[in-house]
Amino acid sequence: MIAGSRYLADRVSRRAMLILASVSFLILLGIVIFIFRDGVAGFIENGIGRFLFGREWHIDEGQFGILPLILGSIFATLGTLVIATPLSVACAIFLAEVAPYHIREIVRSAIDLLVGIPSVVYGLVGVVWLVPLIRNYLGGPGWSLLAAIIVLTVMVLPTIVSISEDSLRSVPQEYKEGALALGATHWQAIWRVMLPAARPGIVSAVILGMGRVIGESMAAYMVIGNSFLIPTSPLAPARTLTSNIVGQIEEAAYGSSHMHALFACGIVLLIFIFIFNSISFVTRRRSE
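Using our numbering, read the sequence shown as starting at 590 and increasing by one per residue.
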């Protein structure tokens with residue numbers, strides 16, 4: 590009787606998981622189809638080359654080119670990568686190998702707290718505190734690529750730190766003990782043994798974090814300045830693909846060439862995120 594109940598529960602659980610996974614896949618597929626249905630029209634109306642490499646965005650004239658948006662997204666992502674990667678890896682090493690237990694729990698709790706903060710709150714803090722700080726001490730209007738990079742760095746830190754720490758902890762303890770037995774110092778064991786062994790997981794964490802950065806909308810929209818120009822310095826305003834969609838979606842009439850161009854921006858974003866996720870997947874598979 591008990592065995593039969595367990596078998597029934599197992600079958601029900603598997604069926605439920607299959608149904609939920611299928612529903613999730615269908616929802617995702619529906620979103621992709623919806624975006625491509627209207628987005629492909631944007632490429633057709635403007636031409637793929639002119640749309641991807643054009644520098645003009647004139648709604649009244651029906652001219653839509655997104656090169657400044659693509660470069661703005663890439664610059665914001667690369668800038669966040671340069672700042673967030675060493676900070677996140679250093680924090681992960683501190684939590685996994687250096688910090689005492691009570692300090693580790695406090696820092697980890699603070700990092701977990703950052704995950705639950707809405708992106709609009711990050712943007713609000715950036716507008717109220719960061720933008721005036723940049724304007725007063727570094728120059729420029731304050732609303733800038735640098736402000737977006739700093740805000741996005743804070744937002745992506747929890748993701749990279751958590752996965753990097755798990756990767757460091759998954760390294761067999763024998764590796765570290767062997768290095769110490771051969772005369773290495775604690776830091777040498779971390780730098781020469783632990784980090785190389787955990788590199789695939791850390792790389793995956795960074796790539797996943799960058800995928801979130803390039804898809805972030807509200808926080809970037811609030812602090813980046815939304816200027817449709819190719820930024821010439823970190824202090825210059827810029828515009829990303831996501832901030833362009835957020836800023837113009839309300840004024841675009843459904844079925845218009847403007848709306849089609851915004852959906853085409855969504856297709857480009859999907860391609861970027863697909864590339865990041867694919868790189869992360871391949872990196873993880875090689876590490877197994």
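By construction, the Cβ of each residue, glycine as well, lies at the ideal position given by its N, Cα and C atoms.
**Item:** Cβ contact check for the segment 664-676 and the segment 802-820: 3 or more pairs under 8 Å
**Value:** Enough Cβ pairs lie closer than 8 Å, so yes.
**Asked** Using the C-alpha atoms, what's the distance from Ile-616 back to Ile-633?
**Response** 26 Å
**Asked** What are the boundary residues of the alpha helix (DSSP H) that Ile-723 is part of?
**Response** 720-726
**Item:** Local conformation of Phe-870 per DSSP, three classes
**Value:** helix
**Asked** Where Ala-598 and Val-710 are concerned, what is the direct C-alpha to C-alpha distance, given to the nearest angstrom?
**Response** The alpha-carbon atoms of Ala-598 and Val-710 are separated by roughly 43 Å.
**Message:** Just verifying my parser: in three-state terms, what is the DSSP assignment at Gly-636?
**Reply:** In this structure, Gly-636 counts as coil in the three-state DSSP scheme.
**Request:** Can you tell me which of the three DSSP states Gly-814 falls into?
**Result:** strand
**Request:** Could you tell me how far apart the beta carbons of Asp-649 and Met-848 are, in whole angstroms, since I believe they sit closer than 8 Å?
**Result:** Between Met-848 and Asp-649 the Cβ distance is about 15 Å, and since that is not below 8 Å, they are no contact.
**Asked** Taking the DSSP output, what are the residues bridged to His-647?
**Response** Per DSSP, Gln-652.
**Asked** Between which two residues does the alpha helix (DSSP H) harbouring Thr-831 extend?
**Response** 830-837
**Asked** Could you check where the alpha helix (DSSP H) with Trp-776 kicks off and where it finishes?
**Response** 775-778
**Prompt:** DSSP puts Ala-827 in a beta bridge; with which residues?
**Reply:** Gly-814
**Request:** Take the Cβ of Leu-702 as the centre, count every other Cβ of all protein chains shown within 10 Å, and call the residue buried at 16 or more, exposed below.
**Result:** exposed
**Request:** With DSSP collapsed to three states, give me the class of Tyr-843.
**Result:** Coil at Tyr-843, not helix or strand.
**Asked** In chain order, which continuous runs of the beta strand (DSSP E) of length 3 or greater are located wholly inside the segment 746-785?
**Response** none
**Prompt:** What residue from Ile-868, Phe-852, Ala-809, Ile-862 has the CA that sits closest to Phe-625's CA?
**Reply:** Phe-852
**Item:** Ile-803 versus Ala-737, Val-621, Met-783, residue with shortest Cα-Cα distance
**Value:** Ala-737
**Request:** Could you tell me the boundaries of the alpha helix (DSSP H) in which Val-696 lies?
**Result:** 690-704
**Item:** Nearest-angstrom Cα separation, counted from Ile-860 out to Leu-618
**Value:** Going from the Cα of Leu-618 to the Cα of Ile-860 covers about 14 Å.
**Prompt:** Three or more C-beta pairs closer than 8 Å, one from the segment 734-754 and one from the segment 674-684: is that the case here?
**Reply:** Cβ pair count under 8 Å is three or more, so yes.
**Prompt:** Rounded to a whole number of angstroms, what is the C-alpha to C-alpha distance between Gly-638 and Ile-868?
**Reply:** 26 Å
**Item:** DSSP state of Pro-730 mapped onto helix, strand, coil
**Value:** coil
**Prompt:** Which of helix, strand or coil does DSSP assign to Thr-742?
**Reply:** Correct three-state label for Thr-742: helix.
**Extent of the continuous alpha helix (DSSP H) run through Ser-708** = 708-714
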